[in-house]
Structure formats: structure tokens, C-alpha cells
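Everything on this sheet refers to the single structure shown next.
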Amino acid sequence: MSVKTVAIIGAGMSGLTCARVLSEKMGQGVKIIVLEAYKTIGGRTRTHHFDDGSSIDLGASWIHGSEGNPMMDLATRYQVELSPLSAEDAVFEYTFDVDDFAPIPIVMDGEHLTSSRQHLIISSDADRLLRNLCMVKLNHFEGYEGAMLNQVSAKNHHLYELFPGEDRYVLGGYDIILEGQKRDVLMNSPDSVVLTGHSVDNIKKVERSGKILVSGSSMNSPFRYEVDAAVVTASLGALRSAAIKFTPQLPTEKTRVIKKRGFGLINKVFLEFTEAFWEPCGCWISYSCDNRRESATFCNLNFYGHKKNILCAFYLGQAAKEIEIESEDETTRRALDVLSMHWGEKVEKTFLRAVRTAWYSDPQALGAYSFTATDDVANDIEELARPLEWGVFFAGEATETHHFSTAHGALMSGEREATNVYQFLSKTIDHTG
1 MSVKTVAIIG AGMSGLTCAR VLSEKMGQGV KIIVLEAYKT IGGRTRTHHF
51 DDGSSIDLGA SWIHGSEGNP MMDLATRYQV ELSPLSAEDA VFEYTFDVDD
101 FAPIPIVMDG EHLTSSRQHL IISSDADRLL RNLCMVKLNH FEGYEGAMLN
151 QVSAKNHHLY ELFPGEDRYV LGGYDIILEG QKRDVLMNSP DSVVLTGHSV
201 DNIKKVERSG KILVSGSSMN SPFRYEVDAA VVTASLGALR SAAIKFTPQL
251 PTEKTRVIKK RGFGLINKVF LEFTEAFWEP CGCWISYSCD NRRESATFCN
301 LNFYGHKKNI LCAFYLGQAA KEIEIESEDE TTRRALDVLS MHWGEKVEKT
351 FLRAVRTAWY SDPQALGAYS FTATDDVAND IEELARPLEW GVFFAGEATE
401 THHFSTAHGA LMSGEREATN VYQFLSKTID HTG
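Counting in the UniProt record's numbering, the sequence shown runs from 1 upward without gaps.
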């Protein structure tokens, strides 16, 4: 039996999961070439390590829903340290039951909520506590979507499904799962390779042979691979930028979905201190004001048992874009000033360092994760995931109908496309030799 060759564009959660599952199905009968533009594996699942062995995840940080979630299986398989999130800190418990209420012109829901926020801001007689509470809850909801409320579809919000059980914070770092899958790929299919710093810019059907030519560059040197199938796991932002040229061109309907599907943005600023001056405190510390850029929600990593005294500030939407324009020092100063309003000089005296993300200006990401936009229709995600008949497949969190925007959604899309690629290749395998 001849060995089949598969190119997987992207070594994030979806790409490496696809590679692992395919290697488990085909073993030495497949050569998998994983091509990652970043210098490290992980994609938007990226772990930053400190000298003392502790880590923070700059992208995905949680496993959302611990019962029946396939990510829990991988966490167990690769012995990743997890910390449970208390159900008492869940703030989105009632946002997923919109269908239980009487029908209303829901296309306007985001606008109603936006105008309600504006009313709270300008109303001089609004109760201050109620105003702050409402603003915090609205900010939390937008943070969950990675987008402003008037951009999010209430009509299609039911598509997103939650796994039951408490969320789990990944203390050991998501990269343990990624590295574990990479090892398994190379063990199951020894001829396979995972190449970082390899940016793909062209995927072309070779009419003469029926194969696929995948090409690009690495350190200014071109590369070309002729393969039997290709799996594209590039982010929705990267697909929208047309960084990869397809020949023949993508179908009109797929191009339409790529251009219009919601793709949100969240940035994090991790602040490390010599002591946890904010204790005792719960998981979340929220500060809300009229200026969105001055508002911030801080996640207390000590709550999860992190070795370091770290608060992580979350910025979303336009505010997240704006902080990328600032210098890292300016953004850090902004976050510290917010904390100083409550804890005073303790903030300055104990501050050590900061780590900031910048997903919007990252050419391989151009955003954080997908959401259902107001003009999305129910089958848009299926269209995005639909393979091309000449052997090109699509994975990634944005292609997962019910678990988009999550790391486990990316994982599930990789499993799905590994099965699809296997079935595609099985039709072309010569079983006589």
C-alpha cells in the first residue's frame, strides 16, 4: 500500500489534533507535514513560561465545561495540572436560555442593550451600585463573545452549546497538550514532520496528477510540497486577509462567509506583584467607568493556585485594538492606575513586571476567536467547514458549529477533519500492492 502525504497548515490545537488522530488511524501509511508560520507550535493557544517553571496562557486559558469535554480527556492523557473554577463565580449562567422567552424583534437586542448602557452612563439619578453592576455584567458578556453587543446575533446565539460541569483553569499550560500530541504524531507516523517558521501562501490543484501543491516560504527560502490532501486551520482573520491564495479560487459562498462571519478580539495584560495585596478576593475583580478603555476586568490567578501573584486584565473589542497602538509601558500604566484607585500605593510598591498580548496586529491571528454576528445565518459555519472536492479541508474553532470560540471546539474540528481526510484518502488507496 502506497504511503499518502497530507499537509496540515497550522500547528495549533485543531492542526495538531487532526495530525494526531490521522496518525492513529493510518500509522506508517501516512506522512503528515505540519506547516506552522509561528516560530513555535500552538497558534492562538500559546503558553508563556517563567524561569521558576510556572506559566501563563496568552490565548486559551480554560477548559469550558468539564463533563463530556474531549479536552478533559487530553488533559488526563498528558497529565496537565488543572484547577477548578467555582460555580459561584459563573456569571453567564442565564445568558444561554434566550429561546425560553417570548419572541421579540431580537435582531435589535444588541442595540437595546447598548442604549441601556448609554442610559446608565448619562443618567445622573441612576443608582451608582446598580449602574456599576449592570456595566460589569454587560462587560462580562461582551468579554465572553470578544465583541460588542450590537455586533452579536441573539437569533443564532443558541448555536453555541455548553458542556456541563465546572470550568477548569489550565494551571500547567496548554502547551503540554500540544507538545504531547506532536510527540504522538511523530511516534505513530515516523516519516511525519512538524515544521515551524513555515508560512504557506499558496494552495493549488495540480491538474495533471490530481494532487495538491502547497507552497510558501521559511526564512526567505521557498518550499513546495506535493500532497494527496491538505487541511487548512488558519484563523478566520488570516483567511479573511487572503494570506493564502487558492487555485482554483474558493467557492463564492465560502468566500462570503469568511468575509462576514464574526471574529472578535480580546487582549490580556498580565501584571505580576511581589505580594497579593488584593487578598482575600474571589476570581474576578471588575472596575467599570464611562470610558471603555479605562474599564477593566481582572482575573485573580491566585484564586486558581498559581505560584505567582498575578492579576490578568482583560480588554475587549475597540479597547483591545486601542491598547495595541500604545506602548506596553502605557498599557501597563493604565491597568496599574485602575488598581491604584482602590489599593493605593501598594500597587506601585509591589509591581514587578507585565506581559501583554496583541492578537489584532498579529498577522497570523488578526483577532482572537469567532462569534455569531448579527447577519450570520445558521448554516454559515457548516459552509466554512465544507471541504473542497479536490482534497482541501478546513478546521479551526470558527468551523465548529456548536463549540466555536473555544479550544475544545478547535480540538473537535481537528478530530472531525481527520476522519474526513481518512475517508477521502481511503477512496484513493491502492489496496492491491
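Cβ atoms here follow ideal geometry from the backbone N, Cα and C, with glycine treated the same way. It should be emphasised that the depicted structure is a prediction, and the values quoted were computed from it without experimental measurement.
Within a 10 Å sphere around the beta-carbon of ASP73 sit fewer than 16 other beta-carbons, which makes this residue exposed.
Under DSSP, PHE314 forms a beta bridge with LYS268 and THR297.
In terms of Cβ geometry, PHE270 and ALA354 form a close pair [threshold 8 Å]. In this structure ILE325 is exposed. Its beta-carbon is surrounded by fewer than 16 other beta-carbon atoms within 10 angstroms.
For LYS349, the enclosing alpha helix (DSSP H) starts and ends at 346 to 350. Two segments are said to touch when three or more pairs of C-beta atoms, one from each, lie closer than 8 Å; by this definition the stretch 176 to 190 touches the stretch 59 to 78.
Comparing alpha-carbon positions, the option among TYR369, GLU24 and SER2 lying closest to LEU186 turns out to be GLU24. By the Cβ-count criterion, TRP278 is buried, with 16 or more other Cβ atoms from all chains shown falling within 10 Å of its own Cβ.
The alpha helix (DSSP H) runs of length 4 or more contained entirely in the stretch 223 to 284 are, from start to end of the chain, 236 to 240 and 252 to 260. Secondary structure note for ASN202: it is in no alpha helix (DSSP H), and the uninterrupted beta strand (DSSP E) holding it is 199 to 205. Ranked by Cα distance from CYS312, the first of GLU415, LEU301 and LYS321 is LEU301. The continuous stretches of alpha helix (DSSP H) do not include GLY216, which lies in the beta strand (DSSP E) extending over residues 212 to 218.
The C-beta distance from LEU384 to ARG261 rounds to 7 Å, short enough to meet the 8 Å contact threshold. Along the stretch 349 to 407, the beta strand (DSSP E) occurs as fully enclosed runs of 3 or more residues at 351 to 356, 369 to 371 and 392 to 394, listed in sequence order.
Inter-residue distance for ALA276 and GLU36 is about 38 Å (C-alpha atoms, whole angstroms). By the C-beta density criterion, ASP191 is exposed, having fewer than 16 other C-beta atoms within 10 angstroms. A residue is called buried once 16 or more other Cβ atoms fall within 10 Å of its Cβ, and GLN318, having fewer, is exposed.
Judged by DSSP in its simplified three-state form, ARG168 adopts strand. Here DSSP, grouped into helix, strand and coil, assigns ILE41 to coil. Taking 8 Å as the cut-off, the Cβ atoms of GLU382 and THR401 count as close. When C-alpha distances from ASP201 are compared across PHE424, LYS211 and GLN364, the shortest belongs to GLN364. The three-state reading of DSSP puts VAL194 in strand, counting E and B together. When the beta-carbon positions are compared, VAL21 and VAL6 stay at least 8 Å from each other.
Contact check between the stretch 228 to 247 and the stretch 391 to 401: three or more CB pairs, one atom from each, fall below 8 Å, which counts as touching. Membership of GLU36 in any alpha helix (DSSP H) is not indicated; the residue belongs instead to the beta strand (DSSP E) covering 30 to 36. A straight-line Cα-Cα distance of about 4 Å links GLY65 and PHE163.
Residue burial is scored here from C-beta neighbours: TRP359 has at least 16 other C-beta atoms within 10 angstroms and is therefore classed as buried.
Taking the Cα positions, LEU352 is about 11 Å away from THR332. Residue environment for ASP57: buried (at least 16 other C-beta atoms within 10 angstroms of its C-beta). DSSP places SER55 in the strand class (E or B) of the three-state scheme.
In this structure, ALA19 keeps its C-beta atom at 8 Å or more from the C-beta atom of GLY43. Bounds of the beta strand (DSSP E) holding HIS49 are 47 to 49.
Comparing C-alpha distances from GLU67 to each of ILE323, GLU397 and GLU166 shows the shortest one belongs to GLU166. Inclusion of HIS306 and SER54 in the CB contact set at 8 Å is warranted, their separation being smaller than that value. Excluding sequence positions up to five before and after PRO248, its CB lies within less than 7 Å of the CB of LYS205, all in the same chain and listed in chain order. Sequence-distant Cβ neighbours of PHE246 in its own chain, meaning closer than 6 Å and more than five residues away, are ILE203.
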